[in-house]
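As they're listed, the protein sequences go chains A and B.
Quick note: this note's numbering has the first sequence finishing at residue 412, numbered continuously throughout.
Quick note: this note's numbering has the second sequence finishing at residue 501, numbered continuously throughout.
One structure below.
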Amino acid sequence: MSEHNQLLADLGLDVQLHDKLLASQAKSYRDIILSQPDRPGAMAYFDRAAHGAHGGRVREIVDAREQGAKMIGTFCVYVPEEIILAAGAIPVALCGGTTFSVPYAEKAFPRDICPLVKSTLGLALADICPYGPIKDMAVGETTCDAKKKVWDVISQSVNFHVLELPQKKTERGGDLWLHEVHEFKERVEELTGARIEPGVLAQKVRLMNRKRRLLRDLNELRMAPRPPISGKDALLVMQLALIDEPERFCNELEALVAELRQRVEDGVSPFAPGTRRVLVAGCPSVLGNWKIHHIIETSGAAVVCDESCTGTRYFENLVDEGAQAVDEQLEAIAERYLRIDCSCFTPNTERIEHVVELAGECRADAVVQYILQYCHTYNIEAIRIARALRSAGIPSLEIETDYSEEDAGQLRTRVEALLESLQGVSP
Amino acid sequence: MSAATTAIGIDLGSRMTKVVRLSDGDLTDAHVFDTGHDPLSRLLEVMEGMEAGALLATGYGRYLARNHLPCATVTEIRACARAARRLCPDCDSVIDIGGQDTKAIELPERGWFGRFEMNDRCAAGTGRFLEVMAEALGYGLEDLGPQALRADRPVQINSMCTVFAESEVISLIARGEDRRRIALGLHAATARRVAAMASRIDTGRRALFVGGVAKNPCMVANLREELPCELIVPERPELAVAIGAALIALDEAHGGAEATGDPGRGNRAEAAPRSD
Chain A
-14 MSEHNQLLAD LGLDVQLHDK LLASQAKSYR DIILSQPDRP GAMAYFDRAA HGAHGGRVRE
46 IVDAREQGAK MIGTFCVYVP EEIILAAGAI PVALCGGTTF SVPYAEKAFP RDICPLVKST
106 LGLALADICP YGPIKDMAVG ETTCDAKKKV WDVISQSVNF HVLELPQKKT ERGGDLWLHE
166 VHEFKERVEE LTGARIEPGV LAQKVRLMNR KRRLLRDLNE LRMAPRPPIS GKDALLVMQL
226 ALIDEPERFC NELEALVAEL RQRVEDGVSP FAPGTRRVLV AGCPSVLGNW KIHHIIETSG
286 AAVVCDESCT GTRYFENLVD EGAQAVDEQL EAIAERYLRI DCSCFTPNTE RIEHVVELAG
346 ECRADAVVQY ILQYCHTYNI EAIRIARALR SAGIPSLEIE TDYSEEDAGQ LRTRVEALLE
406 SLQGVSP
Chain B
226 MSAATTAIGI DLGSRMTKVV RLSDGDLTDA HVFDTGHDPL SRLLEVMEGM EAGALLATGY
286 GRYLARNHLP CATVTEIRAC ARAARRLCPD CDSVIDIGGQ DTKAIELPER GWFGRFEMND
346 RCAAGTGRFL EVMAEALGYG LEDLGPQALR ADRPVQINSM CTVFAESEVI SLIARGEDRR
406 RIALGLHAAT ARRVAAMASR IDTGRRALFV GGVAKNPCMV ANLREELPCE LIVPERPELA
466 VAIGAALIAL DEAHGGAEAT GDPGRGNRAE AAPRSD
């Protein structure tokens, strides 16, 4: 047994099954990511990091825990990572992006749950998530119904904290959220035994803002007339932002951004001039899931922006760095996170306007609304967004799908047809 | 100008494969066969007996055709829209119910086609649904529509899932329900489902109805009742998508659709191809 597998075995993982998972992931990674032409050189780090998500990163966290650090698992971009980092703990997103683990969840949970939740649960239930045994706490949130009820089940066996998000962005909703952020800070302090100091918190706020700015830079560069990076690679970077060690991630991302800037200047792009541009809006595509981006980019178009939790929702808006005392800092943090426009809010008019605005900003020829099956909030919101896009003269297509490949042929037909429908209309 | 005037369109559908030849705008040859388990051998066999011409493949199995024949591919949505422009120049939309796919496509003034809706992977509201129900009722597929039209009233069908609806039909039969009424109920339910999908696009004043299911008179009647617009059925509606593929092959041979005036309505005066 390899040294790494020994580590996984010591953690109580089903090593044989985990090997099968890795083999399936390695194949899709080769076919979907590595096979792309003209990738930026700086993507080499992110390829290693993707590989390390079940390897080096796990080792790193195991080592850090031996030094006393705590690992906190997250499932949503509403979890304020600054607070976790300021207590010396390590945040890692635990969302599953693979269809491999879905059947294990379906054994114990209803099938009519979104694939992201099922994939996540399946990884845990089949003992193939290496972060499962090393997390000291997991943080859920009250976004969708599936997650809320899943928390009830898994909190029976896992040290769990639920952040209560308001359903409306009213003043009262804001007060509730601020209260939740305070409570979360206390909970993290209790777990780590650390007291969050304003100096350290300010430093982590700056770190997270740096990450957000760099991701925003990446996003702006993607919007260039000739995108210097594929949508799949940009998505991969986004996915890793939720898992990787933030300092190192920022340094590597800085190098990528510099390279992309040069590529824009030199006119280097993986896409031919005149390639159709697509904005993908809606649900997240977490690590392991490149389904819709792959279909779009192998149908002759480029994904030039992601309006999702693995896209703009993660990096837009900064936390105000001017606050001095912890209370003020927490207020600034709460304020930033509550601006995220998840479809779980009612009403959520700002998101509708924002998608139309983004489509214009990235000069999208069309918008693909990506909806994970059974994600009712994004699915229903898609109706209003499609209408708003139509009024703005932007063609769009709504795709509701899970992680499996069984509908790939039909989805390809729809995406190809969307691109065909753009022809005969001057670009 | 010596560009091709003959073109062959291949529509490799999920249930049936359709191959047509257009010569000087007329439909001069048409083959329809079960896609089955080995559509390629049959397709190559049919192709051997046909005169050469510009070639284009569409449908679910278009890549299979492309891998073995010198042809480009388009989606069945574009081919369907292209056919509709020709078959019904003043239609504002087209509804296609095939073996496993149902689609509704806008035909706006500008562009090849506009917004479209398609069923997801489920067979509800497709030809396959009616095929399974015909079997459960002991009718041949051709008889299902005519028999349903002879019913005095429909039986309410609640399930649109092919598997659930089949059990529903079986239990209705066991209760002694008239099977023609059941058949009528199935058509009504399917038409409601298709109309609901079509309501998500702008069907305009006039829609064209194509695909194998458009041959079913009961579906036509029910869909007419459900839709807010006029519904036109061309001759041989099952060939429409293949005809669209052949028309696109001709467009391309003549320097692209813009040259032959496909996108706009300016070209809508074209005569419909003669049906043999």
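Here a beta-carbon is modelled for each residue, glycine too, at the ideal position from N, C-alpha and C.
Have a look at the DSSP bridge pairing and note the partners of residue i.
{"i": "A:Q354", "result": "A:A266, A:E383"}
{"i": "B:R431", "result": "B:E455"}
{"i": "A:F145", "result": "A:A123"}
{"i": "B:T231", "result": "B:S248"}
{"i": "A:D291", "result": "A:V265"}
{"i": "A:A286", "result": "A:R261"}
Between the options, which has its C-alpha nearest residue i's C-alpha?
{"i": "A:E230", "options": "A:L220, A:S215, A:K189, A:H339", "result": "A:K189"}
{"i": "A:R44", "options": "A:G58, A:V77, A:P95, A:L(-8)", "result": "A:L(-8)"}
{"i": "A:V271", "options": "A:F256, A:E244, A:Y299, A:S284", "result": "A:Y299"}
{"i": "B:T242", "options": "B:F354, B:I457, B:M422, B:G324", "result": "B:G324"}
{"i": "A:D312", "options": "A:R399, A:H164, A:V289", "result": "A:H164"}
{"i": "A:E168", "options": "A:E182, A:L148, A:P183", "result": "A:L148"}
{"i": "B:G284", "options": "B:P295, B:A277, B:V271, B:T260", "result": "B:T260"}
{"i": "A:P380", "options": "B:P314, B:G339, B:E270, B:A282", "result": "B:G339"}
{"i": "A:Q152", "options": "A:C329, A:A351, A:H361", "result": "A:C329"}
{"i": "A:N194", "options": "A:A123, A:A266, A:W275, A:N302", "result": "A:N302"}
{"i": "B:A527", "options": "B:S384, B:S266, B:V435", "result": "Outside the displayed range of chain B (226 to 501) lies residue 527 of chain B, so it cannot be described from this structure."}
{"i": "A:A131", "options": "A:P95, A:R262, A:R375", "result": "A:P95"}
{"i": "B:I407", "options": "B:G437, B:S239, B:C443", "result": "B:C443"}
{"i": "A:L176", "options": "A:V400, A:R50, A:G158", "result": "A:R50"}
{"i": "A:R207", "options": "A:R191, A:A243, A:V64", "result": "A:A243"}
{"i": "B:S239", "options": "B:G286, B:K328, B:V271", "result": "B:G286"}
{"i": "B:G350", "options": "B:A229, B:E455, B:L448", "result": "B:L448"}
{"i": "B:E367", "options": "B:G352, B:I473, B:P379, B:N441", "result": "B:N441"}
{"i": "A:T331", "options": "A:T155, A:S254, A:R248, A:A111", "result": "A:T155"}
{"i": "A:V253", "options": "A:W275, A:N236, A:A209", "result": "A:A209"}
{"i": "B:L452", "options": "B:A304, B:A471, B:R417, B:E477", "result": "B:R417"}
{"i": "A:Q309", "options": "A:I181, A:M223, A:P115, A:R42", "result": "A:I181"}
{"i": "A:D4", "options": "A:H(-11), A:V47, A:W162", "result": "A:H(-11)"}
The beta strand (DSSP E) spanning residue i covers which residue range?
{"i": "B:K328", "result": "327 to 331"}
{"i": "B:M422", "result": "Element bounds for B:M422: not the beta strand (DSSP E) but the alpha helix (DSSP H), 404 to 423."}
{"i": "A:M56", "result": "56 to 59"}
{"i": "A:A38", "result": "Where A:A38 is concerned, there is no enclosing beta strand (DSSP E), given that its DSSP letter is neither H nor E."}
{"i": "B:S318", "result": "318 to 322"}
{"i": "A:V77", "result": "75 to 78"}
For the alpha helix (DSSP H) that residue i lies in, which residues bound it at each end?
{"i": "A:G159", "result": "156 to 177"}
{"i": "B:R396", "result": "Reading off the sequence, residue 396 of chain B comes out as Ser, not Arg. Per DSSP, B:S396 belongs to the alpha helix (DSSP H) from 387 to 399."}
{"i": "A:C235", "result": "231 to 251"}
{"i": "A:P183", "result": "183 to 207"}
{"i": "A:H88", "result": "Reading the sequence as shown, one finds Pro at residue 88 of chain A and not His. 87 to 93 is the span of the alpha helix (DSSP H), which, as asked, contains A:P88."}
{"i": "A:P100", "result": "100 to 110"}
{"i": "A:Q395", "result": "393 to 407"}
{"i": "A:H3", "result": "0 to 13"}
{"i": "B:P371", "result": "366 to 374"}
{"i": "A:F330", "result": "No alpha helix (DSSP H) holds A:F330; DSSP gives it neither H nor E."}
{"i": "A:I113", "result": "That residue, A:I113, is in no alpha helix (DSSP H); it is neither H nor E in DSSP."}
Can you round the beta-carbon distance between residue i and residue j to whole angstroms, since I take them to be within the 8 angstroms contact cut?
{"i": "B:M358", "j": "B:V319", "result": "Not a contact, Cβ separation roughly 25 angstroms."}
{"i": "A:V166", "j": "A:L70", "result": "Their Cβ separation, rounded to whole angstroms, is 14 angstroms, which puts A:V166 and A:L70 out of contact at 8 angstroms."}
{"i": "A:D202", "j": "A:M28", "result": "Going by Cβ atoms, the distance from A:D202 to A:M28 rounds to 16 angstroms, so no, they are not a contact pair."}
{"i": "B:A361", "j": "B:E391", "result": "5 angstroms"}
{"i": "A:R186", "j": "A:I18", "result": "Strictly speaking, residue 186 of chain A in this sequence is Leu, with Arg absent from that position. No, A:L186 and A:I18 are not in contact; Cβ-Cβ is about 36 angstroms, not under 8 angstroms."}
{"i": "A:V102", "j": "A:V135", "result": "6 angstroms"}
{"i": "A:I384", "j": "A:I356", "result": "7 angstroms"}
{"i": "A:T84", "j": "A:S389", "result": "5 angstroms"}
{"i": "B:L247", "j": "B:T231", "result": "7 angstroms"}
{"i": "A:V304", "j": "A:E67", "result": "7 angstroms"}
{"i": "B:Q381", "j": "B:G401", "result": "Actually they do not touch by this definition, with Cβ atoms about 16 angstroms apart."}
{"i": "B:A439", "j": "B:I302", "result": "The pair is not a contact, with the Cβ atoms about 16 angstroms apart (cut-off 8 angstroms)."}
{"i": "A:G216", "j": "A:V138", "result": "Not quite, the Cβ-Cβ distance comes to about 35 angstroms (not below 8 angstroms), so this is no contact."}
{"i": "A:C268", "j": "A:Y359", "result": "Not really, about 10 angstroms apart at Cβ, beyond 8 angstroms."}
{"i": "A:I318", "j": "A:P65", "result": "5 angstroms"}
{"i": "B:A432", "j": "B:C316", "result": "6 angstroms"}
Exercise. Counting only runs of 3+ residues fully inside the stretch 234 to 314 of chain B, write out the beta strand (DSSP E) ranges in chain order.
Key: Segments of the beta strand (DSSP E) lying fully in the stretch 234 to 314 of chain B: 241 to 248, 251 to 259, 279 to 283.
- Task: Tell me the start and end of each unbroken alpha helix (DSSP H) in the stretch 335 to 364 of chain B that is at least 4 residues and wholly inside, in chain order.
- Result: 352 to 362, all fully within the stretch 335 to 364 of chain B.
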